[in-house]
Amino acid sequence: VRNEKRMLQEAVDSLFDNSRKSSAVKTESNRALKSLSDSLKGKQGRFRQNLLGKRVDYSARSVIVVGPDLKLHECGLPKNMAAELYKPFIIRKLIERGIVKTVKSAKKIVDRKEPVVWDILESVLKGHPVLLNRAPTLHRLGIQAFQPKLIEGKAIQLHPLVCTAFNADFDGDQMAVHLPLGNAAVLEAQLLMLASHNILNPANGAPITVPSQDMVLGRYYTTKARVSAPERQMKGEGKIFYSPEEVNIAYNEGKLDLHAVIKVKTHDIENGAPVQKIIETTVGRVLFNQVVPLEVGYINELLTKKSLRDIIGRVLKTCGFARTARFLDDIKALGFYMAFKGGLSFNLEDVIIPPEKEKLLARANEEVEDVLSNYNMGLITNNERYNQIIDIWTHTNSRLTHALMERLKNDNQGFNSIYMMFDSGARGSKEQIRQLSGMRGLMAKPRKSGAMGGQEIIENPILSNFKEGLSILEYFISTHGARKGLADTALKTADAGYLTRRLVDVSQDVIISDADCGTLRGLTATALKNYEERM
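One point on numbering: in my numbering, the residue at position 134 of the sequence shown is 134, and numbering is uninterrupted.
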């Protein structure tokens, strides 16, 4: 009897909570059974799965592809997806127009995708935006409203400039579509959530719909100047033109090179007033200024990602959101077109190994020898020796990088493909270029994470670069860093997500009902300085 009692008690325990005990009741396939408490708690439990977050109707999900010809407030929606999303609206219109009498027959027509459905869908879509969302939604720009355009195929088309806000790329990301139903919801989507109204980043007030990669490279390539050299004459260099239109005609006729330095009479802004004056500029810059609003003046500089961001800020300040959205679409189109016309690619010859490398390395090795002999004579401690050697290599590496960047900058008048990609801010960093054609440099020691503060450094740096190729030992040392990076990224994301969740839970019941609650304690919080002062 006692044994029966014990077994009954265990069965009841397991029914209530099966996760704690080591002797959990299991199925044939050795999976612990789900107890009553398990079905409530945790991410898959009743609360978090079904009460705090639900699946909703009127939603769809698909892979995203780039839509380079969309306007800023548009997205491409696959026809079949739209027909399913807007089904009730289509059915209502079918009955209103007297095409069918009952809902059942209307549904059949929609399911058969008869031609009349597409006509009605077009009219339903007018002024009825959809919401696009990409998980994880880390700030309010993770959900934005777009005006749908019907497209063939099964993938959603996304405007390239809103990718930064969604943190999206086109390597297979998926996005969810939601349909605002009520009139108030539709109005809110149009007035507050439309992508063309969310040009600024809520975190810091800087423009977030900034061209990146190809577009930046195209803009940079267009506005770069080049002077005639014996091996390459620039057509039309030094000519003076009466107006930007004249430059345009000459360029289209093939009488001018895109990078030729010319003079042109054009409009500009001086002390806030518009003036006409002759400006020394390049053909590409004249072409760019044809899309810049007149109120901003003539922009006569080499465009990088940073300067583009400043210009977008200026346009927004002087011309407002609607004009800025048009300007953004114009520079997007011009950027893509010029990146295509420029035909940038890079070659192994573009990776220039600086000739100074040999000397710099020889000098560093001598210095290291000196330090070692001092240590062997007992003049310095082991710690000092280690620090001095690390210092020597760090300095050598930065000298080498400096020499390398100078070489690239002067190669082909700065038209070296790798240098252009880096300098424009399209892709690549000094560190990456250094590893391609300088030296890979010092590496961190593999050790358990969380051991005493920080990473130790291996004192023999990797002297090769990727163009020369690494030795087997150098390659082996590199593998640790590469893997550590990936592992850290995965772990950090989880930690950050959990921290955010705890913060949100804590601040659930904090309600801001008034801008000023009238308390005398506390700090005054004002807006940061104006955007342009901070730049």
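All residues carry an ideal CB built from backbone N, CA and C; glycine is no exception.
Straight-line gap, Val-291 to Ile-208 (C-alpha atoms, nearest Å): 20 angstroms
Burial state of Gln-157 (16 or more Cβ within 10 Å): buried
Residue nearest to Glu-459 in terms of C-alpha spacing, selected from Thr-500, Trp-393 and Pro-115: Trp-393
Spatial distance of Gln-9 from Asp-38 (CA atoms): 19 angstroms
Collapsed DSSP secondary structure at Val-210 in the structure displayed: coil
Cβ-Cβ distance between Lys-332 and Leu-161 below 9 angstroms: yes
Same chain, Cβ closer than 6 angstroms to Phe-241, five either side skipped, listed in chain order: Val-247 and Val-264
4-residue-minimum alpha helix (DSSP H) runs that sit fully inside the stretch 417 to 444, ordered along the chain: Counting only runs of 4 or more, we get 417 to 424 and 430 to 437.
Proximal residues to Ser-123 (C-beta, below 8 angstroms), its chain only, five neighbours per side dropped: Lys-93
DSSP three-state assignment for Leu-200, whether helix, strand or coil: strand
Simplified DSSP assignment, three categories, for His-267: Correct three-state label for His-267: strand.
Touching by the beta-carbon criterion (3+ pairs, under 8 angstroms), the stretch 317 to 330 and the stretch 270 to 278: no
Element boundaries [beta strand (DSSP E), containing Gly-76]: 74 to 78
N-terminal and C-terminal residue of the alpha helix (DSSP H) that Ala-322 is part of: Ala-322 -> alpha helix (DSSP H) spans 305 to 342.
Span of the beta strand (DSSP E), counted from its first residue to its last, around Lys-93: Here Lys-93 belongs to no beta strand (DSSP E); instead the alpha helix (DSSP H) covers 87 to 96.
Stretch-stretch touch, CB-based, cutoff 8 angstroms, three pairs: the stretch 190 to 206 with the stretch 97 to 104: no
Option in Leu-256, Val-296 and Ile-380 with minimal Cα separation from Asp-268: Val-296
The stretch 345 to 362 contacting the stretch 417 to 428, beta-carbon criterion three pairs below 8 angstroms: Under the 8 angstroms Cβ criterion, the stretch 345 to 362 counts as touching the stretch 417 to 428, having at least three qualifying pairs.
Segments assigned beta strand (DSSP E), at least 3 residues, entirely inside the stretch 115 to 200: 130 to 133, 143 to 151, 156 to 158 and 174 to 178
Cβ neighbour criterion (16 or more within 10 Å) applied to Glu-74: buried
Check whether Asp-257 and Glu-280 have beta carbons under 9 angstroms apart: With contacts defined as CB atoms closer than 9 angstroms, Asp-257 and Glu-280 fail to qualify as a contacting pair.
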